[in-house]
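Note that the sequence shown covers residues 3 to 373 in my numbering.
This report concerns only the one structure given below.
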Amino acid sequence: MNRKIEFADLKAQYGAYKDEIDEAVLKVMGSAQFIMGPEVAALEDSLARYAGVSKAVSLSSGTDALLVPLMALGVGPGDEVITTPFTFIATAEVVALTGAKPVFVDIDEKTYNIDPAKIGEKITARTKAIMPVSLYGQPADMDEINKIAGGIPVIEDACQSFGADYKGGKSCGLSLIGATSFFPSKPLGCYGDGGAVFTSDPELGARMESIRNHGQIQRYRHKYIGINGRLDAIQAAVLNVKMKHFDAELKRRAEIGARYTSLIKAGGADIVTPEIMPDRSSVYAQYSVRVKNREKVAAFLNEKGVPTAVHYPIPLHLQECYAYLGEGEGAYPVAEKVSGEIMSLPMSAFLTDPDMDYIVGCLNEAVEKAK
Ligand SMILES: Cc1ncc(COP(=O)(O)O)c(C=O)c1O
């Protein structure tokens with residue numbers, strides 16, 4: 003019998019916390035304090051404490067959480083920002099939006115994160131920031147990257163990795179600035195768009211807070227060119243409830259990741275499972291495997307009621323919007339190879355063991371059939 007699996011089971015999650023979430027949202031509605039206010043302040047306090055930094059500034063999306071630090075650092079035309087080509091478009095998009103040039107560095111084939119050994123050769127006098135991405139929920143090699151950066155600001159794109167551990171620290175608190183997303187399907191997601199930046203640099207923190215609100219430092223006094231990047235109070239209320247359950251969810255996500263890997267390995271099919279480095283954890287924003295003949299495998303799984311997704315099918319240097327950078331096929335061979343094989347399986351803290359058994363059974367069959 004076919005099952006019908008959810009890719010990220012947000013309905014099950016809402017069902018589990020419904021009473022608490024409904025009460026929190028209704029309280030905001032009753033208060034009519036929809037912009038900023040106590041829910042946002044409480045969230046920012048708990049986010050900062052969680053990441054081990056002195057300041058968290060909530061924002062209207064993960065994209066804004068990447069843009070605001072670049073604005074705060076004064077990145078603009080003529081500058082370069084080093085990042086990975088194997089990420090969601092937003093990472094390089096914000097660089098281009100400031101007028102700066104995204105400079106790509108290939109990824110490591112094990113972790114799919116930026117390869118620190120290849121960063122040095124791309125640093126120039128114009129490099130104004132380095133933006134590694136902690137892809138799928140596993141922190142990038144932040145210590146090595148901070149070291150290579152010297153004094154160049156490092157912004158961790160932690161849009162997929164809030165909550166992950168790294169050598170005793172937490173993702174978002176591992177470099178000068180961390181940025182995350184609360185997109186609904188993220189490990190910590192709200193009920194719309196949302197994000198946050200993190201820093202322990204008080205000057206930078208204050209500047210990012212101001213830029214988030216039109217560069218205002220006092221009512222109608224604007225020190226910086228800013229944006230309207232505020233997080234809604236209703237979203238903050240949802241996140242305050244979800245924060246209470248976050249560690250329990252991460253524990254379950256880790257169990258699911260480990261169980262997926264052992265089930266897949268036991269099946270013996272030609273499937274590359276994620277490698278998590280021993281000094282860090284993954285929050286498994288995605289559980290992504292590599293398979294040959296991906297399109298056939300995905301079509302078979304879809305027929306069986308198992309949805310899959312590709313994060314990401316086209317590396318950024320091969321996207322039409324970055325053709326102006328003049329980097330064709332072959333420029334970043336590891337990213338190109340991985341983007342042709344990667345496939346994400348259903349993942350949420352509410353995925354059941356029988357569903358996982360079914361998914362892996364179908365996957366093994368699909369890989370055999372697609373040969
Ligand atoms: C790596 C990465 N960077 C940036 C973003 C942008 O976040 P948002 O969708 O909240 O704007 C995402 C979200 O999908 C992401 O995964």
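Backbone N, C-alpha and C fix where the C-beta goes; we use that ideal spot for every residue, glycine too.
By the 16-neighbour rule on beta-carbons within 10 angstroms, HIS319 is buried. A contact is defined here as three or more CB-CB pairs under 8 Å, and the region 191-211 meets this definition with respect to the region 55-69. Assignment of HIS224 by DSSP, reduced to helix, strand and coil, places it in the strand class.
In this structure, GLN321 has its CB at a distance of at least 7 Å from all heavy atoms of ligand 1. Distance from the CA of TYR324 to the CA of GLY228, rounded to the nearest whole angstrom, comes to 26 Å.
Cα atoms of LEU252 and PRO315: separation of roughly 27 Å, rounded to the nearest angstrom. When secondary structure is reduced to three states using DSSP, PRO118 falls in the helix class. Straight-line spacing of the CA atoms in ILE23 and TYR52 works out to 21 Å. Shown here, GLU297 sits in a helix according to DSSP, grouped into three states. Residue state for ASP11 is assigned as coil, using DSSP reduced to three classes. Judged by DSSP in its simplified three-state form, LYS29 adopts helix.
As the crow flies, the alpha-carbon of ALA43 is around 12 Å from that of LEU241.
Only residues of its own chain outside the window of five on either side were considered, and among them ALA235 have a CB closer than 7 Å to the CB of GLY39, listed in chain order.
Taking the Cβ of THR93 as the reference point, at least one heavy atom of ligand 1 falls within a distance shorter than 7 Å. Straight-line spacing of the CA atoms in GLU277 and PRO356 works out to 24 Å.
Scanning the region 80-148 for uninterrupted beta strand (DSSP E) segments of 3 residues or longer gives 82-85, 103-106 and 129-133, listed from N- to C-terminal end.
A heavy atom of ligand 1 is found nearer than 7 Å to the CB of CYS161.
One thing to note: ALA151 has its Cβ no nearer than 8 Å to the Cβ of VAL77. Counting along the chain, ALA53 sits inside no beta strand (DSSP E); it lies in the alpha helix (DSSP H) bounded by residues 40-53. In the structure shown, GLU329 adopts coil according to DSSP, grouped into three states. Residue environment: ASN304 is assigned as exposed (fewer than 16 neighbouring CB atoms within 10 Å of its CB, all protein chains considered). 8 Å or more divides the Cβ of ASN115 from the Cβ of GLY269. Runs of the beta strand (DSSP E) spanning 3 or more residues and lying entirely within the region 324-373 occur at 344-347, in chain order. Ligand 1 never approaches PHE200 closely enough for any of its heavy atoms to be under 7 Å from the residue's Cβ. Beta-bridge analysis with DSSP links ASP167 to LYS172.
Beta-bridge annotation (DSSP): LYS57 is paired with THR201. Less than 8 Å separates the beta-carbon of MET345 from that of ARG296. Within 10 angstroms of the beta-carbon of ASP47 lie fewer than 16 other beta-carbons, which makes it exposed. Judged by DSSP in its simplified three-state form, VAL274 adopts strand. Apart from the 5 residues on each side of it in sequence, VAL156 sits with its Cβ closer than 8 Å to the Cβ of ALA131, ILE132, MET133, PRO134, MET144, ILE147, ASN148, SER177, LEU178 and ILE179 in its chain, given in chain order. Secondary-structure assignment with DSSP links ILE157 through a beta bridge to ILE179.
The region 74-88 and the region 100-119 touch, with three or more beta-carbon pairs separated by less than 8 Å. Counted as a single uninterrupted DSSP element, the alpha helix (DSSP H) harbouring VAL240 occupies residues 235-269.
Following the DSSP letters along the chain, one finds ASP66 inside the alpha helix (DSSP H) bounded by residues 64-74. DSSP links ALA311 through a beta bridge to SER346.
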